[in-house]
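Read through the structure below, which is laid out as structure tokens, and then see the notes.
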Amino acid sequence: MMEKLCGSLIVSFLITAASADDRLGPAEETIDIQSGNLTVQFRDNSASPKILSGVQSLFNQRDALGYDAYDPDGRGASAGLNFEHIISGHQTPHNKFTPRHGRFTLHRLLDQNSVQLVRRAEDSPWKVSSTLTYKVTAPHYIDFEFCCRFQDAELFGEREWALFFFANYMNDVAAVPLHFRGIKQPGDEETWIAGDAPAGPADWNTGGTYRHVDAAPLKYDDDVKFRLNSWSYNAPRFTKPFYYGRAARDMTLILMFDKAHTPVDEMRLSLFKFKLSQHPRPAWDFQYVVHRVEENREYGFRGRLVWKRFVSPADCLEEYQTWAKNLPALPPANEPSS
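So the sequence shown is numbered by the working numbering: it starts at 945 and just counts up by one.
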């Protein structure tokens, strides 16, 4: 049941992904929210993959009037905080784009500045139920929370891991790289890294993924065809779970997460450049990885998106540090239930 899905994460929203059905408004195709400087449109899956779910448009009316953070042209490749893939370590056609197909309903929550996308296990080829909850917070934030539960661990095969991929298809940017705190090589001091996802690795395909300093690479079967999101660079590595990018109009998009790497799960930071031959519009993406899938156990993460005028790298770091310091602690994670 969806009301049990996120019991361990309930403190992060006034109305969380664990909300009972009577706290959800009716299903809607689109919901518009204005809070502080931001005007945001959220969309369900009813027109996907032609029009994607998640954040369909994002405007900062004070700092960049009329400038959408996300690509305004390619509707099939334009959205933010879009749930794009669930990926395993074995070959299956379900490794590509399954969250973009099928029922994924959008509901307004009681506080009026929050919405929730709800995916039932029976609507997922992976038998994964999930919710994505978004809260538009003044002056220029979108707080978000992802929660999921697996009903059939055998679908993820002998490798046992599950990768959840989320996309941000940007409008024109001033600079392509992701900027994060990390190390260039083992033993180095932490510094600012500008990760531009260079070619070179065997499975490189227009971009790549950076993992945490404590994380190991994911292993996948030799016959896996869809590899571009599963491999990761051995160096550099990130040390703090956030990054910023320099957008046009002197704007910055900052993404931050409540975890980096644990024995249970981890975050990974991705950059893809498949539009760069025509437009300076990279995909500033991220991944959530569950290391060993267990049935009926709750998994998830919390994050914050910042869309504002760029000040400095130090200001971006301060945004992350302030958010992380004030983030409510979570109760102990639930064990698998029978």
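Yeah, the Cβ is synthetic: ideal placement off N, Cα and C, and Gly gets one too.
Assigned exposure category for residue i - 16 Cβ within 10 Å defines buried
i: P1226; result: buried
i: R1006; result: exposed
i: Q1265; result: exposed
i: L1002; result: buried
i: A1141; result: buried
i: A961; result: Any reading at A961 is ruled out, since the residue's pLDDT is 40, under 50, leaving its predicted position unreliable.
i: A1273; result: exposed
i: P1207; result: exposed
i: T1068; result: Rather than Thr, the amino acid found at residue 1068 in this sequence is Ser. It counts as buried.
i: A1143; result: exposed
i: S1221; result: exposed
i: M946; result: Residue confidence is low: M946 scores 41 on pLDDT, short of 50, so the model does not pin down where it sits. Its coordinate-derived value is still stated next. Label assigned to M946: buried.
i: G1126; result: buried
i: A1013; result: buried
i: N1004; result: buried
i: L1050; result: buried
i: N1287; result: Because residue 1287 is not part of the residues shown, which for the chain are 945 to 1282, the question remains open.
i: E1262; result: exposed
i: P1275; result: exposed
i: D1015; result: buried
i: D1229; result: buried
i: L982; result: buried
i: E1098; result: exposed
Among the options, the one whose alpha carbon lies nearest that of residue i
i: D1202; options: A1268, Q1129, F1124, F1090; result: A1268
i: S1286; options: R1044, H1084, Y1232, T1049; result: Because the chain is modelled from 945 through 1282, residue 1286 falls outside the range shown and cannot be assessed.
i: E972; options: N981, Q978, Q985; result: Q985
i: A1065; options: F1170, N1057, T1075; result: T1075
i: Y1177; options: G1189, L1197, Y1011, P1145; result: P1145
i: A1138; options: S1221, I1031, T1153; result: T1153
i: S1032; options: N1057, S1058, D1229, F1170; result: F1170
i: N1240; options: Y1113, F1254, D1096, V1080; result: D1096
i: E1134; options: H1156, D1229, V1168; result: H1156
i: I975; options: V1080, D1087, L1099; result: V1080
i: F1088; options: Q978, R1044, V1234, V999; result: V999
i: V1072; options: S1058, S990, E1238, V1255; result: E1238
i: F1048; options: L1054, Q1060, F1218, P1130; result: Q1060
i: Q1129; options: P1016, G1244, A1179; result: A1179
i: R1181; options: D988, K1219, W1136; result: W1136
i: L1172; options: P1083, D1209, H1029, I977; result: H1029
i: A991; options: A1021, S979, G1101; result: A1021
i: D1209; options: V1234, E1242, V1062, R1052; result: V1234
Inter-residue CB distance, residue i and residue j (contact presumed, cutoff 8 Å)
i: H1123; j: A1159; result: Wrong, their Cβ atoms sit about 19 Å apart, outside the cutoff.
i: L1025; j: Y1078; result: 7 Å
i: K1252; j: T1196; result: 6 Å
i: R967; j: I995; result: That belief does not hold up - the Cβ atoms of R967 and I995 are roughly 27 Å apart, past 8 Å.
i: H1045; j: P993; result: 7 Å
i: H1084; j: G980; result: 6 Å
i: Q1035; j: V1168; result: 5 Å
Identified DSSP bridge partners for residue i
i: S979; result: L982
i: T1108; result: Per the sequence shown, the amino acid found at residue 1108 is Phe instead of Thr. Its beta-bridge partners are I1030, Y1232.
i: E972; result: L1050
i: R1248; result: D1087, M1200
i: L1213; result: Y1154, F1230
i: R987; result: T974, G998
i: F1218; result: Paired residues: none, contrary to the question.
i: Q1095; result: Q1095 pairs with nothing; no bridge assigned.
i: T1135; result: G1126
i: F1205; result: Before going further, note that residue 1205 is His rather than Phe in the sequence given. DSSP, once it has assigned bridges, lists E1210 as partnering H1205.
i: F1186; result: M1200
i: G1024; result: V999
i: K1040; result: Bridge partners of K1040: none, in fact.
i: Q1060; result: H1051, T1077
i: P1239; result: According to the sequence shown, residue 1239 is Glu rather than Pro. DSSP, once it has assigned bridges, lists F1094 as partnering E1239.
i: N1004; result: L982
i: Y1011; result: The partner list for Y1011 (beta bridge, DSSP) is empty, contrary to what the question assumes.
i: V1117; result: A1191
*Report yes or no: do the region 1036-1047 and the region 1206-1215 share at least 3 C-beta pairs separated by less than 8 Å?*
no
*asked:* Pairs of beta-carbons, one from the region 1108-1122 and one from the region 1161-1168, closer than 8 Å: are there three or more?
replied: no
*Indicate whether the contact test is met: 3 or more Cβ pairs, each with one atom in the region 1085-1098 and one in the region 1149-1157, closer than 8 Å.*
no
*Evaluate the contact criterion for the region 1113-1131 versus the region 1186-1202: three or more CB pairs, one atom per stretch, below 8 Å.*
yes
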